[in-house]
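The working numbering puts the first residue of the sequence shown at 40, with every later residue one more than the last.
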Amino acid sequence: MSQTNLYPDLKKKLEVLNKLEVPSYRKEVLNPLINFIQKEKDSGNQIQLNFICTHNSRRSQLGQVWAKAISAHNGIDTDCFSGGTEETAFFKNAIDALRRAGFRINSEAGENPHSEVFYSEEQKPVVCYSKVYDAPENPSENFAAVMTCSHADENCPFIPGSKARIALDYNDPKEFDDTPLAEKKYNERSDQIGSEMIYVFENIK
């Protein structure tokens with residue numbers, strides 16, 4: 040897969056995120072994901088990542104979108120999914136954080152709307168909406184279950200069909216909903232996930 044050209048605003052955002060230092064303790068947390076991706080790539084297998092949190096509304100969606108955009112930008116072919124232990128909706132504050140980062144998003148109306156998240160003129164959008172992790176559209180085998188919250192990690196001790204289970208555990212920006220800090224905290228979480236996905240995919244040979 041050749042490298043994908045991102046939208047200009049999104050590419051500028053990646054340049055900013057690339058300057059953020061990933062702490063050493065987080066690098067240790069991310070190493071199992073790097074190892075999984077590298078092993079699948081070396082084996083010629085399709086790289087399938089399913090980002091999982093409780094409600095599939097914030098952190099898992101951010102993980103799915105950033106992983107897909109950054110892997111494509113680095114010329115690494117991945118299939119990125121997300122799911123939860125229950126179905127809710129892709130939360131507006133998380134969508135807005137991605138828009139501010141430079142993604143272009145078309146969202147439907149409704150209780151659990153589908154959102155098309157575009158990152159390049161060259162690629163199809165990531166279609167995001169809340170679903171359970173084992174929904175029919177998600178992979179049933181040969182994938183990494185990337186646990187983005189401790190609650191889902193603790194309450195789903197076994198993910199059927201997964202080749203690897205990788206706990207990343209991001210703090211939930213939900214606690215800042217309906218406060219003056221909401222935009223800042225959602226930006227921080229989106230930026231953290233984006234910068235860590237940059238670190239992951241830049242370490243794939």
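Yeah, the Cβ is synthetic: ideal placement off N, Cα and C, and Gly gets one too.
Determine the direct distance from the alpha carbon of residue j to that of residue i, and round the result to whole angstroms.
{"i": "D211", "j": "S159", "result": "28 Å"}
{"i": "Y64", "j": "I232", "result": "15 Å"}
{"i": "L49", "j": "W105", "result": "11 Å"}
{"i": "T117", "j": "D216", "result": "32 Å"}
{"i": "K131", "j": "N151", "result": "11 Å"}
{"i": "N246", "j": "D208", "result": "Any property of residue 246 remains undetermined from this structure, which presents the chain solely from 40 to 244."}
{"i": "N57", "j": "Y172", "result": "30 Å"}
{"i": "E235", "j": "C119", "result": "15 Å"}
{"i": "Q77", "j": "E180", "result": "18 Å"}
{"i": "N84", "j": "E227", "result": "33 Å"}
{"i": "G149", "j": "S96", "result": "14 Å"}
{"i": "A174", "j": "A191", "result": "16 Å"}
Return the Cβ separation of residue i and residue j in integer angstroms, given the expectation that the two are a contact with Cβ distance under 8 Å.
{"i": "E214", "j": "S169", "result": "Wrong, their Cβ atoms sit about 19 Å apart, outside the cutoff."}
{"i": "P62", "j": "I205", "result": "With 8 Å as the limit, P62 and I205 do not qualify as a contact, their Cβ atoms being about 18 Å apart."}
{"i": "S146", "j": "I134", "result": "6 Å"}
{"i": "R123", "j": "H94", "result": "As written in the sequence, residue 123 is Gly, which differs from the Arg given in the question. Indeed, because the Cβ distance is near 5 Å, the residues count as touching under 8 Å."}
{"i": "Q103", "j": "P178", "result": "Not a contact, Cβ separation roughly 12 Å."}
Is the Cβ-Cβ distance between residue i and residue j less than 7 Å?
{"i": "K91", "j": "S82", "result": "Looking at the sequence shown, residue 91 is not Lys but Ile. Result no, Cβ atoms of I91 and S82 do not sit closer than 7 Å."}
{"i": "F142", "j": "C167", "result": "no"}
{"i": "S229", "j": "L101", "result": "yes"}
{"i": "P164", "j": "E155", "result": "yes"}
{"i": "I237", "j": "I144", "result": "no"}
{"i": "Y225", "j": "A140", "result": "no"}
{"i": "F75", "j": "A184", "result": "no"}
{"i": "Q162", "j": "A221", "result": "no"}
{"i": "L53", "j": "V239", "result": "no"}
From what residue to what residue does the alpha helix (DSSP H) around residue i run?
{"i": "V55", "result": "P47 to L56"}
{"i": "D118", "result": "Unbroken run through D118 is the beta strand (DSSP E), T117 to G123; no alpha helix (DSSP H)."}
{"i": "M40", "result": "Segment: none, M40 is in no alpha helix (DSSP H) and carries neither H nor E."}
{"i": "R138", "result": "K131 to A140"}
Grab the span of the beta strand (DSSP E) containing residue i for me, first residue to last.
{"i": "L88", "result": "I86 to C92"}
{"i": "I144", "result": "R143 to S146"}
{"i": "K78", "result": "No beta strand (DSSP E) contains K78, which is instead part of the alpha helix (DSSP H) from S63 to D81."}
{"i": "F157", "result": "S154 to F157"}
Please classify residue i: is it buried, with 16 or more other beta-carbons within 10 angstroms of its beta-carbon, or exposed?
{"i": "G114", "result": "exposed"}
{"i": "S41", "result": "exposed"}
{"i": "T43", "result": "buried"}
{"i": "P199", "result": "exposed"}
{"i": "P219", "result": "exposed"}
{"i": "V55", "result": "exposed"}
{"i": "F197", "result": "exposed"}
Just to confirm, does residue i get its C-beta within under 6 Å of one of the non-hydrogen atoms of the ligand MG?
{"i": "K58", "result": "Questions concerning the ligand MG fall outside what the structure shown contains, since it holds no ligand whatsoever."}
Any beta-carbon of chain B closer than 7 Å to the one on residue i?
{"i": "P164", "result": "Protein chains in the displayed structure number just one, and chain B is not present."}
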